[in-house]
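Enquirer: Numbering (the working numbering), first residue to last: 1201 to 1453.
The C-beta atom is built at its ideal place from N, Cα and C for all residues, glycine as well.
Shown below is the structure under consideration.
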Amino acid sequence: MSEARDFVQQFNKESELRIVALTGAGISTDSGIPDFRSPGGIWTKRQPIQYQDFVSVEESRLEDWDRRFEMLEFFAKAKPNAAHLALTSLARSGQLDMLVTQNVDGLHQLAGFPEDRLIEIHGNSTFASCLSCGERAELEDQRAYVEAGRSPVCLNCGGLLKAAVVSFGQQMNEADLIRAAESARDCGLFLVLGSSLVVHPAAQLPAIAVQGGAELVILNGEETPLDSIASTVIRTPLAQTFSGFLQDIAQNP
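If you want it as structure tokens, here you go:
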């Protein structure tokens, strides 16, 4: 742990490097949010709702909404941890150029991360949006409709409301994908925090960075398919590892 903390401290001194980071479920587990894909998680207990079923089958919509409310209970209790806050600090100092997250929990926003440098490649599950006009809606405001057995609809246009996460079978935002790939290609240091690097297309970003000449550092609790091309691999818990980083900033503002 001490060696990992010493290494992480160097991120604050790499002022010449253009840093891009990718975060996955492992950065949020220390905040109390379980990895929903891991054994016993929501997605291992229930079959995923396909996007086409959501838009065409009422029962599928209600099932999806029920899951969103279940996940919302975890999100409501969670707070950003030291790793989230460290990334925010790097961004505010101008050292972290872009953050791509696979997470849908909104913790990076709660940590104050700049919106213009954040790409939520899988969307956000803490609020809803209209599939027709894009109007935002709060999840809790839809609970009464779901409990009454009716799919929530947009108050603006009457279109279907859906959690703003990218569902299985739903097309990802192409502009976000292009922006993420370009950021990875142009960076000097690519950080992976808490991602198993098995879910594509996000898993391709570290390889794109290395092909562009960047150094790759992977901080994850388990092995990843890209460990062999990383210059450094750290296995220690993220929140503990970055706690020293924040202490250093506090002592040396």
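Given that a residue counts as buried once 16 or more other Cβ atoms are within 10 Å of its Cβ, and exposed if not, what is histidine 1400?
Expert: Answer is exposed; the Cβ neighbour count stays below 16.
Enquirer: Taking one C-beta from the region 1379-1389 and one from the region 1217-1226 each time, how about it: are there three or more such pairs within less than 8 angstroms?
Expert: At 8 angstroms Cβ cutoff, the stretches touch.
Enquirer: Measuring only the C-alpha atoms, how far is arginine 1205 from isoleucine 1434?
Expert: Cα to Cα, arginine 1205 sits roughly 10 angstroms from isoleucine 1434.
Enquirer: Between which two residues does the alpha helix (DSSP H) carrying phenylalanine 1274 extend?
Expert: That run of the alpha helix (DSSP H) goes 1258-1277.
Enquirer: State the Cα-Cα distance for the pair alanine 1337 and glycine 1323, rounded to the nearest angstrom.
Expert: Cα to Cα, alanine 1337 sits roughly 14 angstroms from glycine 1323.
Enquirer: Tell me which residue opens and which closes the alpha helix (DSSP H) that phenylalanine 1207 is part of.
Expert: Its alpha helix (DSSP H) spans residues 1202-1209.
Enquirer: Express the C-alpha separation of leucine 1355 and phenylalanine 1225 in angstroms, rounding to a whole number.
Expert: Looking at the sequence provided, one finds alanine at residue 1225 rather than phenylalanine. Going from the Cα of alanine 1225 to the Cα of leucine 1355 covers about 33 angstroms.
Enquirer: Please determine whether the Cβ atom of aspartate 1376 lies at a distance below 7 angstroms from any heavy atom of the ligand NAP.
Expert: What this structure holds is no ligand at all, so the ligand NAP is not there to describe.
Enquirer: Rounded to a whole number of angstroms, what is the C-alpha to C-alpha distance between glutamate 1320 and glycine 1358?
Expert: Rounded to the nearest angstrom, the two C-alpha atoms are 26 angstroms apart.
Enquirer: For alanine 1291, report the span of its alpha helix (DSSP H) as first-last.
Expert: That run of the alpha helix (DSSP H) goes 1282-1292.
Enquirer: Apply the 10 Å Cβ neighbour rule to phenylalanine 1327 and answer buried if 16 or more other Cβ atoms are within range, or exposed otherwise.
Expert: Counting Cβ neighbours within 10 Å, phenylalanine 1327 comes out buried, since at least 16 surround it.
Enquirer: DSSP beta-bridge partners for glutamate 1320?
Expert: According to DSSP, glutamate 1320 bridges with Thr1301.
Enquirer: Taking the alpha carbon of tryptophan 1265 as the reference point, which residue from Val1353, Ala1311, Ala1291 and Leu1287 has its own alpha carbon closest?
Expert: The shortest C-alpha separation from tryptophan 1265 is found at Val1353.
Enquirer: Have a look at leucine 1310 and glutamine 1370 and give me their C-alpha separation to the nearest angstrom.
Expert: Cα to Cα, leucine 1310 sits roughly 26 angstroms from glutamine 1370.
Enquirer: Count the other CB atoms within 10 Å of the CB of alanine 1344; is the residue buried (16 or more) or exposed (fewer)?
Expert: Exposed.
Enquirer: Of the residues Ile1408, Gly1412 and Val1398, which one's Cα is nearest the Cα of proline 1425?
Expert: Measuring from the Cα of proline 1425, the nearest candidate turns out to be Val1398.
Enquirer: Quick check on DSSP: helix, strand or coil for isoleucine 1233?
Expert: Three-state DSSP puts isoleucine 1233 in coil, outside helix and strand.
Enquirer: Take isoleucine 1233 and list the residues in its own chain whose beta-carbon comes closer than 6 angstroms to its own, dropping the five residues that flank it on each side.
Expert: Excluding positions up to five away in sequence, the list reads Phe1274, Ala1278 and Asp1305.
Enquirer: Per the contact definition of three or more C-beta pairs closer than 8 angstroms, is the region 1279-1293 in contact with the region 1250-1270?
Expert: Contact between the region 1250-1270 and the region 1279-1293 is absent, because fewer than three Cβ pairs lie under 8 angstroms.
Enquirer: With burial defined as no fewer than 16 other Cβ atoms inside 10 Å of the residue's Cβ, what is the status of isoleucine 1249: buried or exposed?
Expert: By the neighbour-count rule (16 or more Cβ atoms within 10 Å), isoleucine 1249 is buried.
Enquirer: Going along the chain, which residues of its own chain have a beta-carbon closer than 8 angstroms to the beta-carbon of glycine 1349, five neighbours each way excluded?
Expert: Taken in chain order, the residues that qualify are Leu1262.
Enquirer: Identify, in the order they occur along the chain, each residue of the same chain with its Cβ nearer than 6 angstroms to the Cβ of threonine 1432, setting aside the five sequence neighbours on each side.
Expert: Correct list, in chain order: Val1417.
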